[in-house]
Structures are given as C-alpha cells and as structure tokens.
Amino acid sequence: MRQLTARTAQELLEDPIEEADWVIEDLLPVGAHILAGAPKIGKSWMVLAMGLAVSMGQPFWDYTVCQGAVLYLCLEDTYSRVKKRLWKLTDEANDRFYLANSAATIKDGLAAQIEYFVITHPDLKLVFIDTFQKVRSPTGDSIYAADYSDFSALKAIADKHGLAMMVVHHTRKMADEDVMNTVSGSSGITGSADSIWVLRRASRGVGDATLTVTGRDVEFRELKLALRDCRWNLIERTSEEEFEERDVPDCVLKVVEFMALSTNGSWQGSVGDLIKAAGAEGVTTATFGKFLAQHSVFMRSRGIVYSKKHTSAGQQITLEKTACERSEGDEGCARV
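Heads up, the sequence shown is in my numbering, so the first residue is 80 and it goes up one at a time.
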C-alpha cells in the first residue's frame, strides 16, 4: 500500500510562495483554460490575435507575454479560411505559430499527439483547441464524468510541460445571472479548468462585447472589448476590487476616505459623530451602523479596522488604521 505524503501547516507556511507561471502576465497562466462564447461571436479572431502576440513576443492588449511557439488546432476551419483571417491581422510571416486542422480525439490519442509536438518543439508555450466538441470523448452514461476526464487529461499535459492550453467552447443559449453557468456542458468542464473566459455581447451584429475572466490564479475581471477591423481591442477593464466597491454604500466609502485623509491612527466616537465627521449625512444612525458592520471586511481590506462597544454614554465606534492593505480577514495586520 502506498502511504500518504502529508505536510504540516507550519511547513507549508514557511515555504516561499510559488508564483504562477504566466504565458500572458496576470491573464493566462500555465494550465488548461476555457474560452466560451456564442457561435460566430469572434472567438477565432481572439485566438489568432493571442497566438500571434505570444509567438512574436508582442503584448496582447497591454498584457506582457512570455514569447514561445504556439500550436493552433483549428479543427472547424480549412487552411484557406485561416489564411484569409491571418492576412487581415498581420503582414508578417511567423515560423513559431503552427496550425493544424485535424487531430485525434482525446480518447483516440490527442494527448500523445501533443506530447510528441512538445518534444519536437521544446519552446512551445501555448496550445489552442478549437473546438472542444471536435476532440471530446463520447459521453456514455455520465456527461459529468466524461467532461471531467477529458478536461483533466488536457490539464495534465499542460501542467506536465508548462503550457497554457486554451480550449474554445460554446455557451448555452439560455441566459443566467452567473455568466460562468452559461458555459455549455456539465460542471465537469468548468470544475476542472484553471480559468474560464466567457465572451458575450448583448446582440449579434454589435461589435462591442464583454470578456469575463475568472480562475484559480487569475483575479476576477471584466474586460470591455470592441471588434474593429477583425481585431478585438481592449476598451476598459474592471477588477475584482472595483466590483467589490460597487456594492459598498456611499456612506461607507466616505468613512474610508475620511480615515485615509486623517493624520491620526484612530478615531473614536458615536455613530452620529462619525456621520458628521465623514460627511455622510442623509443616512439614519441605525442604517449607518448596520452598513458599517456589513462592510467591515471591505474596510479592513482598505486598512481600517472597525469595532464597537456599548458604554454608559451609548454605543461607541472605534476605527483604527492598519499597517497593511488588501489583507482581507487577516488578523495579523499591525495597528498604526
């Protein structure tokens, strides 16, 4: 019997943090990823532009890339069609960007084909599979099991050889409040992917779209894009911090601003006193107190520790600045 290999929490904490290996800095790390979108939305244009950027060592949008060879399995296209697209994107020949319009399925040897390509092209950094439907195995009795097994097989190759593998897939027609639930197939796909990219727009024929990205090593973000002259252009990005801030009431943001501008390391007083000090008039003391408690984690992430206690004079609030920022829930922040 093979014994379990276990480590103590102390050993883990003492080890240096292993940073993600990025193929596209802060956007696409090593691993297996999904790019999902409706048919004909423009996923192939994005894949071609990304492949050209990595193979030529040029920024993708304004993200730095790690230059290397790229393999694009364009399994739904002819070479003639891909050639016409390339002409619209670049005039430069590139001998580090490889294309193939046929490949085995995962069940019938795709892993071995990619493994052999890695051996003969050791500088390979990025692999596109367009589309997942062309290589997936028959589902049988369990769609989840088949999806999970297929995607895990692709992830194993990516992890073993230090590659980013982007698998192009479709979204469902039915809308969902959680954009990640629109990815076609079972949760076996999304559950095994290292990151999920979902490209969507309000209506066909409109060039503007939103790319939502989330993953294990990738910070959640939304990128506003515009398709111009067959190329996706980055218009605006929204980070996880900005999403958090959208849900925070204005009166709490005023407290954060008040403390940031204050030269003192702490503040103490009643709820009413804080409303006046922070310029947060227009909210009742009961509502303001509730908001402070609800968003105490947000305030801590901005370097402010909130606490309250009942005294003979009434409820007293204490705000203390900490010596660290963005340390959500971290009790180790030193008070100033």
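Backbone N, C-alpha and C define an ideal beta-carbon position, used for all residues, glycine too.
Under DSSP, leucine 278 shares a beta bridge with Gly116, Leu290.
Scanning the region 138-187 for uninterrupted alpha helix (DSSP H) segments of 4 residues or longer gives 158-168, listed from N- to C-terminal end. Across the structure, glycine 267 and asparagine 180 are spaced so that their CA atoms are roughly 26 Å apart. Ranked by Cα distance from serine 216, the first of Cys145, Thr184, Val109, Lys387 is Thr184. Under the three-state reduction of DSSP, alanine 356 is assigned to helix.
Leucine 150 and asparagine 173 have their C-alpha atoms roughly 12 Å apart. Under DSSP, leucine 83 takes part in no beta bridge, so it has no partner.
Serine 271: member of the alpha helix (DSSP H) spanning 266-271, first to last residue. Assigned with DSSP and collapsed to three states, threonine 364 falls in helix.
Residue state for aspartate 329 is assigned as helix, using DSSP reduced to three classes. By the beta-carbon neighbour count (other beta carbons within 10 angstroms, threshold 16), aspartate 170 is exposed. DSSP, read as helix, strand or coil, puts glycine 130 in helix.
Contact between the region 151-163 and the region 109-119 is not established, with fewer than three Cβ pairs separated by less than 8 Å. Exposed is the label assigned to tryptophan 166, since fewer than 16 other Cβ atoms lie within 10 Å of its Cβ. In the structure shown, phenylalanine 207 falls within a strand segment according to DSSP collapsed to helix, strand and coil. Taking C-beta atoms as the reference points, valine 334 and alanine 305 fail to come closer than 7 Å.
Here DSSP, grouped into helix, strand and coil, assigns lysine 303 to strand. Taken atom to atom, the span from the alpha-carbon of aspartate 202 to that of tyrosine 195 is near 13 Å. Beta-bridge annotation (DSSP): glutamate 315 is paired with Lys303. Classified as buried, histidine 374 has 16 or more neighbouring CB atoms from the shown chains inside 10 Å of its CB. Considering only Arg310, Glu298, Asp273, Arg295, the residue with the shortest C-alpha distance to alanine 288 is Arg310. Buried is the label assigned to lysine 204, since at least 16 other Cβ atoms lie within 10 Å of its Cβ. Counting the other CB atoms within 10 Å of its CB gives alanine 182 a total of 16 or more, which places it among the buried residues. For methionine 244, the enclosing beta strand (DSSP E) covers residues 243-249.
Spanning the alpha carbons of valine 197 and tyrosine 177 requires a straight line of approximately 12 Å.
Taking alanine 224 as reference, the option from Met253, Thr269, Val246 with the minimal CA-CA separation is Thr269. Following the DSSP letters along the chain, one finds histidine 240 inside the alpha helix (DSSP H) bounded by residues 222-240.
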